[in-house]
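To start, the structure itself, in structure tokens.
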Ligand SMILES: C[S@@+](CC[C@H](N)C(=O)[O-])C[C@H]1O[C@@H](n2cnc3c(N)ncnc32)[C@H](O)[C@@H]1O
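Numbering (the numbering used here), first residue to last: 16 to 221.
Next up, the structure:
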């Protein structure tokens with residue numbers, strides 16, 4: 016678990032400090048689309064940020080480990096969980112996922128928009144996420160496939176054109192979905208734009 020501040024954790028602490036998210040931030044649309052069909056169990060939210068996904072999962076009966084590099088994000092989520100009566104279902108853990116990873120097993124590992132300008136070995140993190148699944152569990156990864164006008168990262172080369180599937184042993188994990196999906200999104204100032212999501216859904220063999 017991360018204990019000392021790094022350049023990356025300071026960047027993300029500043030990012031979260033500069034924002035004023037809602038008391039109960041909305042869950043990501045792809046999480047709601049995919050996970051509404053699943054039976055609640057143990058969930059891990061990687062890069063939980065404002066915590067909308069963790070709160071939504073907890074409300075549906077999941078026991079959630081919410082991991083983030085930012086102590087600011089985790090402290091806010093703990094406060095929200097207390098205010099909403101969900102504190103007993105959400106545990107925050109501070110990790111720089113480039114270095115450490117929460118202990119499993121989990122029935123669901125979810126990583127939504129886990130993008131950063133600092134080194135984060137994506138394949139390694141996604142392999143650890145797949146390994147942290149209980150038999151029959153699912154890994155849901157949603158990443159930007161386009162740059163929204165309000166994104167903190169306006170680099171046009173920041174995102175690949177197609178969903179990137181990590182290399183995993185097909186005897187243990189099945190790639191159920193690897194989709195590029197368009198949707199109309201709303202930014203923090205209420206502005207709208209068409210964006211692309213890359214969605215991976217990976218199932219661990221029961
Ligand atoms: C773009 S935000 C996405 C937040 C949230 N999942 C969502 O969909 O709104 C990326 C999140 O990942 C966290 N993060 C960035 N680098 C990280 C790392 N190396 N380890 C753990 N979390 C990290 C940031 O603090 C931030 O909360």
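Beta carbons: idealized from backbone N, C-alpha and C, even for Gly.
Inset, instruction - Given a cut-off of 9 Å, decide if residue 192 and residue 210 are closer than it, judged by their beta-carbon atoms. - result: Within the chain shown, the letter at position 195 stands for residue 210. Within the chain shown, the letter at position 177 stands for residue 192. No, Cβ-Cβ distance for residue 210 and residue 192 is not below 9 Å.
Legend entry - Straight-line Cα distance separating residue 108 from residue 169: In the chain shown, residue 169 corresponds to position 154, counting from 1. In the chain shown, residue 108 corresponds to position 93, counting from 1. Distance between the alpha carbons of residue 169 and residue 108: 29 Å.
Legend entry - Reference residue 185, options 146, 207, 127, 42, closest by Cα: Translated into the one-based positions of the chain shown, residue 185 becomes position 170. Ranked by Cα distance from residue 185, the first of 146, 207, 127, 42 is 146.
Legend entry - residue 152 (DSSP reduced to helix, strand or coil): Walking along the chain shown from the start, residue 152 turns up at place 137. In this structure, DSSP gives residue 152 an extended state, which the three-state scheme calls strand.
Inset, instruction - Could you say if the region 35-45 and the region 106-124 meet the contact criterion of at least three C-beta pairs nearer than 8 Å? - result: These segments do not touch.
Legend entry - C-alpha gap between residue 196 and residue 216, whole angstroms: Your numbering for residue 196 matches position 181 in the chain shown. Your numbering for residue 216 matches position 201 in the chain shown. Roughly 13 Å separates the two Cα atoms.
Legend entry - residue 218, enclosing beta strand (DSSP E) - first and last residue: Translated into positions along the chain shown, residue 218 becomes position 203. Per DSSP, residue 218 belongs to the beta strand (DSSP E) from 207-219.
Legend entry - Strand pairing of residue 158, partner residues [DSSP]: Translated into positions along the chain shown, residue 158 becomes position 143. Answer is 213.
Inset, instruction - Check each candidate in 85, 96, 119 and name the one with the smallest Cα separation from residue 70. - result: Translated into the one-based positions of the chain shown, residue 70 becomes position 55. Comparing Cα positions, the closest option is 96.
Legend entry - Assumed close pair residue 125, residue 60 - CB separation to whole angstroms, cut-off 8 Å: By one-based count along the chain shown, residue 125 stands at place 110. By one-based count along the chain shown, residue 60 stands at place 45. 5 Å between Cβ atoms; contact.
Legend entry - Heavy atom of ligand 1 within 8 Å of residue 135 beta-carbon: Within the chain shown, numbered from 1, the residue matching residue 135 stands at position 120. Yes, Cβ of residue 135 sits closer than 8 Å to a heavy atom of ligand 1.
Inset, instruction - Indicate whether the contact test is met: 3 or more Cβ pairs, each with one atom in the region 127-134 and one in the region 86-102, closer than 8 Å. - result: Verdict: no, contact absent.
Legend entry - Pairwise C-alpha distance: residue 81 and residue 34: Here residue 34 is taken as the residue at index 19 of the chain shown, counted from 1. Here residue 81 is taken as the residue at index 66 of the chain shown, counted from 1. Near 19 Å, if we compare the C-alpha coordinates of residue 81 and residue 34.
Legend entry - Pick from 172, 173, 122, 180 that is closest to residue 142, judged by C-alpha positions: Residue 142 sits at position 127 when you count from the first residue of the chain shown. Per the Cα distances, 180.
Legend entry - Residue from 52, 73, 40, 219 with nearest C-alpha to residue 64: Looking up residue 64 in the chain shown gives position 49. Checking every option, the nearest Cα to that of residue 64 belongs to 40.
Inset, instruction - Put residue 22 into one of helix, strand or coil per three-state DSSP. - result: As a working mapping, residue 22 is identified with position 7 in the chain shown. Here residue 22 sits in helix by DSSP.
Legend entry - Inter-residue Cα distance where the pair is residue 175 and residue 52: Stepping through the chain shown from its first residue, residue 175 is reached at position 160. Stepping through the chain shown from its first residue, residue 52 is reached at position 37. Residue 175 and residue 52 have their C-alpha atoms spaced approximately 29 Å apart.
Inset, instruction - Look up residue 180 in the DSSP assignment and say whether it is helix, strand or coil. - result: Looking up residue 180 in the chain shown gives position 165. It is coil, neither helix nor strand.
Legend entry - 4-residue-minimum alpha helix (DSSP H) runs that sit fully inside the region 95-126, ordered along the chain: Taking only runs of at least 4 residues, no alpha helix (DSSP H) segment lies wholly in the region 95-126.
Legend entry - One or two residues paired with residue 197 in a DSSP bridge: Locating residue 197 in the chain shown gives position 182, where the first residue counts as 1. Residue pairing by DSSP puts residue 197 in a beta bridge opposite 211.
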